[in-house]
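**Q** Going down the list, the sequences are from chains A and B.
Numbered per our numbering, the first sequence spans residues 1 to 237.
Numbered per our numbering, the second sequence spans residues 1001 to 1217.
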Amino acid sequence: MTLQVSVGKRLKFFDLEVSFTCEDKDMLVMIGPSGGGKTTIVRMIAGLETPDEGRIVYGDEVWFDASRRINLPPRKRKVGYVFQDYTLFPHLSLYRNAAFAAVDKGDVDGLLTLFGIDHLRDRKPDKVSGGERQRCAICQALARRPRVMLLDEPFSALDVVTRRSLREELREMKSGLSFPVVYVTHDIQEALFLADEILPIVEGKVDRDWMRRTITREPAPGTAPRAVREPRLSLVY
Amino acid sequence: MEWQAFYVTLKLAAIATTVLMVVAAPVACVLAYARFPGKSLVEALLYLPMALPPTVLGFYFIMVLGPRGIAGRPWEALTGQSLLFTFTGIALASVLYSVPFAIQPMKAAFRKIDRRLLESASVLGLSPAAAFVRVVLPNSIGGIIAAAVLVFLHTIGAFGVLIMVGGSIPGVTKVASIAIYEAVEAMDYRAAHLMSLCFLPISYVFLLIANKLGEES
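(1) Apart from the five residues on each side of it in sequence, which residues of its chain come closer than 7 Å, Cβ to Cβ, to Pro-231 (chain A)?
(2) Can you tell me whether DSSP reads Met-30 (chain A) as helix, strand or coil?
(3) What residue from A:Glu-132, A:Arg-43, A:Pro-154 and A:Phe-179 has the CA that sits closest to Arg-75 (chain A)'s CA?
(4) Starting from the Cα of Pro-1138 (chain B), find the closest Cα among B:Ile-1209, B:Lys-1112 and B:Glu-1002 and give me that residue.
(5) Would you decide whether Asn-97 (chain A) is buried or exposed? Buried here means 16 or more other CB atoms lie within 10 Å of its CB.
(6) Determine the burial state of Lys-1212 (chain B): buried for a count of at least 16 other Cβ atoms within 10 Å of its Cβ, exposed for fewer.
(7) What number of angstroms, rounded off, separates the C-alpha of Leu-194 (chain A) from the C-alpha of Lys-105 (chain A)?
(8) Can you find a CB in chain A that lies within less than 8 Å of the CB of Val-1135 (chain B)?
(9) Quick check: is the beta carbon of Tyr-1007 (chain B) nearer than 8 Å to any beta carbon in chain A?
(10) Report the neighbours of Glu-1119 (chain B) on chain A: residues whose CB is nearer than 7 Å to its CB, in chain order.
(11) Is there a C-beta anywhere in chain B that falls below 8 Å from the one on Val-79 (chain A)?
(12) Taking its Cβ as the centre, do 16 or more other Cβ atoms sit within 10 Å of Arg-144 (chain A), making it buried, or is it exposed?
(13) Taking its Cβ as the centre, do 16 or more other Cβ atoms sit within 10 Å of Pro-146 (chain A), making it buried, or is it exposed?
(14) Would you call Lys-1174 (chain B) buried or exposed, if buried means 16 or more other Cβ atoms sit within 10 Å of its Cβ?
(15) When we look at the beta-carbon of Val-160 (chain A) and count the other beta-carbons within 10 Å, is it buried (16 or more) or exposed?
(16) Distance, Cα to Cα, Ile-1145 (chain B) vs Gln-1004 (chain B)?
(17) Hey, is Arg-123 (chain A)'s beta-carbon within less than 8 Å of any beta-carbon in chain B?
(18) Evaluate the contact criterion for the region 1175-1193 of chain B versus the region 1045-1059 of chain B: three or more CB pairs, one atom per stretch, below 8 Å.
(19) In its own chain, which residues sit with a C-beta less than 7 Å from the C-beta of Pro-1074 (chain B), not counting the 5 before and 5 after it?
(20) Closest Cβ-Cβ distance between Pro-1138 (chain B) and chain A: below 8 Å?
(21) I want to verify the contact list: residues of chain A whose CB lies under 7 Å from the CB of Arg-1116 (chain B), in sequence order.
(22) So what's Thr-2 (chain A) in DSSP terms, helix, strand or just coil?
(23) Over the uninterrupted beta strand (DSSP E) stretch that includes Asp-152 (chain A), give me the two end residues.
(24) Is the distance from the Cβ of Gly-54 (chain A) to the Cβ of Pro-200 (chain A) below 8 Å?
(25) Counting only C-beta atoms, is Arg-144 (chain A) closer than 8 Å to chain B at any point?
(26) Tell me the rounded alpha-carbon separation between Thr-1086 (chain B) and Val-1172 (chain B).
(27) State the DSSP-derived secondary structure class of Pro-1100 (chain B), mapped to helix, strand or coil.
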């Protein structure tokens, strides 16, 4: 099945207008500078934010359609969402967090073991490290048996070593997943490492050329050269 | 020394606290999260019992709960009893009198909960009611207990409202604060002393609980 997103929304500094699809088993990585609208897009897919126009469809189920006034609430979309920072429930142990919305509680033990946090199952989130919390957040999302998985900079608050190992775990796990995964990052290495498809988002629009420009440090058309814009930086380069 | 008055006081406070915890929690939740026109007007109306002199409140309770009042008349038709000068009457008055003390700490506690936890709950498939029970309540226990302590203390201290609505019928509507007042009026300072002393440990222990919870959260 395919996730089809084609949405528009007027934001404070620019208009967001994107259109893309993501097939089952594919990992689509959204990349781009901070504040470019990546998180807003993911929140729209989850149903936490309402687009002004457009459609969001998964398979033959319409999640959002502005013209037909369809807007399925988040709880009915059945997506797995791992947020940028930890949103585990502070009053529950890691096990009970992972099992919070589990379809089959039998999945939970396997997931905790797979992510190497089974020995911490009775700890509360504030008694484990950031990496362990994010592992648990992924378990929580997977235990729901989601139809679409959304990961919004899930590792950006972690130290480099933990981030790298989690990134590798995620890539290994990816082959076993049967649903579309949308992954948000601003880290080009991470995008190249994980993605089946890369979707650069700049100021609310898909900008296919952004990666090349960023890697070669070529200024965007119509903007002043970087050395002029940031004179102090030119000393460094 | 009138033990009976203490019994009435404690019974009244226990009932008012229990009723308000159940009734005020959803109201506080709506006030904390929902946005609707006229919300500030509704909120100010709910906090009015805190701002009005107790005798003013008591007077209006008499008008409403009395045999010709909008609540008193149907009640009397239904049960054959008056609401004034009964325990039911002062229980009702106590509940209304303490509404602000129940709602405010709960609302503050609910508002402190990270919005992202609620978003996470809805993405995980919880209805708003389920999210309230499974996420909001367990994460605001401090505020809920603080509300309970405040309501309890406020009710055992009530005087003006209760004497107007309930009078002072021994064993029925005569609470400890009224008994103390009457003992002083009768120049029975020994009884007034004894009863006043009883309040000290109760209030002190409850404040200790409230402070401890405040520090933890």
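Ideal Cβ placement from N, Cα and C applies to all residues, glycine included.
These figures come from a predicted structure and were not determined experimentally.
**A** Straight from the coordinates:
(1) Low local confidence applies: a pLDDT of 48 at Pro-231 (chain A) is under 50, so the model's placement there is unreliable, and no value is given.
(2) strand
(3) A:Arg-43
(4) B:Lys-1112
(5) buried
(6) exposed
(7) 29 Å
(8) yes
(9) no
(10) Leu-48
(11) yes
(12) buried
(13) buried
(14) buried
(15) exposed
(16) 27 Å
(17) no
(18) no
(19) none
(20) yes
(21) Phe-83 and Thr-87
(22) strand
(23) 148-152
(24) no
(25) yes
(26) 7 Å
(27) helix
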